[in-house]
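The block underneath contains the structure these notes are about, expressed in structure tokens.
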Amino acid sequence: MSELLTEPVDVAVVGAGAIGACVALECAEAGASVVVLDAGDGWGTGVSSGNAGWVCPSHAGPFATLTDLTNALRWMLKRDSPFGFRPSPALLPWMLRLLRFTVDRAHAQRVSAALHELAVESLALHAGYGARGIETGFQRRGLLDVYQTAAALRSVPADATVLNADEARAEEPLLQGRIAGAVLHPDEAYCDPARFVRAVGHAAETVGARLLTGRRVSAVRRGELVTDAGTVRAGAVVVATGAGTRALIPRTPIISGTGYSVDLASGQTPMPARPLFLKEARVAITPLPDSLRMAGTMVLGRDPHPGIDRRRLDAIHRAGVEAMPAWSGSQRSAGWAGARPCTYDGLPTVGWTDPSRSVMVAGGHGMVGVTLAPITGQLVRGIIDGDPDPRVENLAPAHRRKTRHP
Ligand SMILES: Cc1cc2nc3c(=O)[nH]c(=O)nc-3n(C[C@H](O)[C@H](O)[C@H](O)COP(=O)(O)OP(=O)(O)OC[C@H]3O[C@@H](n4cnc5c(N)ncnc54)[C@H](O)[C@@H]3O)c2cc1C
């Protein structure tokens, strides 16, 4: 097969999403020659664009809690619930491992602590992008978790500061629907996710990275990747293909968690002061510069759920309008779908996949890939430079193999 690039590069990144963009920026800034290949037509055409854009250490944790699993059993039978799944042989072992890790409280605590630490560092990196001229729409206004029922409010951790209904409405006067209370995370933030990926990608290009669009990679192997238009030789290949990672690295523990979002036109929609999370409905609401976004749903499957399930999308919109009746007349967009790359233990998978240390995976960030993208870029750069952050040991594919959970 002919060569797509005549010269080898130091680092070839597959995937131009949030993770690929941050990896490319870090590696190019370190002086490496970098090429990014994506099957789409630019930066951020995967799940990284239409999501809620939260930079939220408070939401970084295991994939599911025991309460989530109990709810999921109930929700599985409801076609408009926040959870569903597409049965496939690949899903069954993943679900059994999910069950095993979810009931292990010590594991949940370890994952929460590890992800929270990384997310707090990543939040600081997000905040620093503006000073470097990388405009991502970053805003640090805090996040408000809103509880509609007293029963759900009782699940709040003991150390959280709980607001009663009146205090929550004082924080967010638009909350005129049923509400039992809320928890404010004052230090957390959000960005405009599509702008984030484009801005970081363009910053990477400014320091020398090249983006090749419309290039689907069909295989990665030692020192080389293969596309239908030819091969690329590279010192290191970083696979950052999100929910599509299994197609290139079959033994990776990532499956798809399809989610949806719907935008309301900003001119007609009173904007909340900060992002809101409707706990029971699992709906994240973000005041973006040009629209108000409502995002949610998790449909698990080996591959993304095709198209948009209108019943679930309508349920997201309904939950938002019930909580904030002032939005009932706003025009809504047709909707967007994207597949989260989910691991059963909630930890992303970052590290070499082969003993020759030439192919790396950086994926499986589940519900917090935007949050963790900048720190993931740094972790990958450290591994390639031969100076890895000690914390990557627990994220490495070899670690899961050692614990017999590939
Ligand atoms: C509804 C919803 C709301 C969310 N809200 C948040 C949030 O508020 N905060 C947060 O932190 N996270 C959130 N997430 C999760 C977040 O979107 C993801 O974790 C993150 O975007 C994953 O980024 P990625 O770069 O790994 O994947 P992607 O953005 O999907 O990028 C992968 C890229 O790889 C390319 N690709 C795939 N296969 C190939 C191939 N073979 N050859 C070439 N290119 C290929 C794709 O075209 C794509 O561009 C949300 C997700 C959803 C669905």
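For the sequence shown, the tail end lands on 409 under my numbering, and the numbers increase by one without skipping. Heads up, the beta-carbon is just placed ideally off N, CA and C, and yes, glycines get one too.
Near ligand 1: residue i beta-carbon under 7 Å from a heavy atom
{"i": "Gly369", "result": "yes"}
{"i": "Tyr132", "result": "no"}
{"i": "Arg315", "result": "no"}
{"i": "Asn54", "result": "yes"}
{"i": "Ala21", "result": "yes"}
{"i": "Ala250", "result": "yes"}
{"i": "Gly233", "result": "no"}
{"i": "Tyr347", "result": "no"}
{"i": "Ala287", "result": "yes"}
{"i": "Ala246", "result": "yes"}
{"i": "Thr3", "result": "Nothing can be reported for residue 3, as the shown portion of the chain is limited to 4 through 409."}
{"i": "Ser264", "result": "yes"}
Alpha-carbon to alpha-carbon, residue j and residue i
{"i": "Val241", "j": "Gly45", "result": "18 Å"}
{"i": "Leu72", "j": "Trp355", "result": "32 Å"}
{"i": "Thr346", "j": "Leu101", "result": "8 Å"}
{"i": "Ala183", "j": "Ala168", "result": "5 Å"}
{"i": "Val26", "j": "Arg201", "result": "13 Å"}
{"i": "Gly217", "j": "Val37", "result": "17 Å"}
{"i": "Ala322", "j": "Phe86", "result": "14 Å"}
{"i": "Arg113", "j": "Arg103", "result": "15 Å"}
{"i": "Leu178", "j": "Asp306", "result": "36 Å"}
{"i": "Met327", "j": "Leu7", "result": "52 Å"}
Proximity below 8 Å, CB of residue i to CB of residue j
{"i": "Ala15", "j": "Leu40", "result": "yes"}
{"i": "Glu10", "j": "Val210", "result": "no"}
{"i": "Ala161", "j": "Ala171", "result": "no"}
{"i": "Gly338", "j": "Leu303", "result": "no"}
{"i": "Leu350", "j": "Leu281", "result": "no"}
{"i": "Leu251", "j": "Val229", "result": "no"}
{"i": "Ser264", "j": "Met301", "result": "no"}
{"i": "Leu28", "j": "Val220", "result": "no"}
{"i": "Gly18", "j": "Ala243", "result": "yes"}
{"i": "Pro344", "j": "Gly380", "result": "no"}
Option nearest residue i by Cα separation, candidates the options
{"i": "Ala342", "options": "Asp107, Val50 and Pro85", "result": "Val50"}
{"i": "Trp97", "options": "Leu177, Pro393 and Gly260", "result": "Gly260"}
{"i": "Glu138", "options": "Thr70, Pro393, Gly310 and Pro292", "result": "Pro292"}
{"i": "Phe88", "options": "Gly238, Val265, Pro309 and Val371", "result": "Pro309"}
{"i": "Pro275", "options": "Ile257, Val149 and Asn54", "result": "Val149"}
{"i": "His205", "options": "Gly136, Val223 and His368", "result": "Gly136"}
{"i": "Glu175", "options": "Thr352, Gln381, Ala329 and Pro344", "result": "Ala329"}
{"i": "Arg127", "options": "Val58, Glu396 and Pro391", "result": "Note on identity: in this sequence residue 127 is Ala, with Arg being the wrong assignment. Here the closest residue by C-alpha is Val58."}
{"i": "Pro278", "options": "Gly145, Thr244 and Thr152", "result": "Gly145"}
{"i": "Gly133", "options": "Ser359, Cys194 and Val12", "result": "Cys194"}
For residue j and residue i, believed in contact at Cβ under 8 Å, the rounded distance
{"i": "Leu267", "j": "Ser331", "result": "So it is not a contact: roughly 10 Å between Cβ atoms."}
{"i": "Ala24", "j": "Ala207", "result": "6 Å"}
{"i": "Pro377", "j": "Ser125", "result": "5 Å"}
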